[in-house]
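Novice: Can you read through this structure? Questions will come right after.
In this note's numbering, the protein residues as written are 855 to 1026.
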């Protein structure tokens, strides 16, 4: 006890260089113009719902969650969301059944619905669109594509901010 060995080593590596600012840094979406929009996220996996909420809420969306298609129908009628992000594969009532049920109600015939599924073949996309979804995204969600679809469906104009700046060089 109290005995041991210490060692150290040195590596010769080239000094790290940040790339030259050849192009201006891309602007980041900070929010959107206009009144606050309600988004209902429907997914049987709580982590998937949470991820969508944590991504969209800071942009100004009022977020609501449902765990299956039956809850989605109930919440849609009570909340009147502006958009639904709907998982396809869920217990009790899947996303395709829920989408068809919503489309059968006059108040929801033009409600934007984005279907999402980890099973993302062209056939699955076609089934989602045939059920009444306005768009289909494969999982895991590409949030850039999700924002493109949301902007198109809700006719949003994003408010942009420059990305956080990184020091030009940091050396020890």
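Every residue gets a Cβ at the ideal spot worked out from N, C-alpha and C, and that includes glycine.
All values derive from a computational prediction rather than experimental measurement.
Within the same chain, show all residues whose beta-carbon is closer than 6 Å to that of residue 997, passing over the 5 residues directly before and after it, in chain order.
Specialist: Answer for residue 997: 909, listed in chain order.
Novice: If you draw a straight line from the C-alpha of residue 955 to the C-alpha of residue 968, how long is it?
Specialist: Answer to the nearest angstrom: the Cα atoms are 15 Å apart.
Novice: If we call anything under 8 Å between Cβ atoms a contact, is residue 894 one with residue 918?
Specialist: Their beta carbons are under 8 Å apart, which means residue 894 touches residue 918 by this criterion.
Novice: When you measure from the CB of residue 887 to every non-hydrogen atom of the ligand HEM, does any distance come out below 7 Å?
Specialist: Absence of the ligand HEM is noted for the structure shown, with no ligands found whatsoever.
Novice: Let me check understanding here. Comparing Cα to Cα, which of 985, 971 and 1006 lies closest to residue 991?
Specialist: Ranking the options by Cα distance to residue 991, first place goes to 971.
Novice: In the DSSP output, which residue or residues are listed as bridge partners for residue 990?
Specialist: Per DSSP, 969.
Novice: Between the segment 936-947 and the segment 889-903, are three or more C-beta pairs nearer than 8 Å?
Specialist: Touching, per the Cβ criterion.
Novice: On a CA-only basis, which of 979, 957 and 912 is nearest residue 943? Give me that one, please.
Specialist: Ranking 979, 957 and 912 by Cα distance to residue 943 puts 979 first.
Novice: Along the chain, where does the beta strand (DSSP E) containing residue 916 start, and where does it finish?
Specialist: From DSSP, the beta strand (DSSP E) with residue 916 extends over 916-920.
Novice: To the nearest angstrom, how far is the alpha carbon of residue 1013 from that of residue 957?
Specialist: Taking the straight line from one Cα to the other gives about 32 Å.
Novice: Just the C-alpha distance for residue 923 and residue 887, rounded to the nearest angstrom, thanks.
Specialist: For residue 923 and residue 887, the distance between alpha carbons rounds to 30 Å.
Novice: Helix, strand or coil, according to DSSP, for residue 900 in the structure here?
Specialist: Reduced to three states, the DSSP call for residue 900 is helix.
Novice: When the Cα of residue 987 is compared with those of 974, 965 and 973, which residue comes out closest?
Specialist: Of the listed residues, the one whose Cα sits closest to residue 987 is 965.
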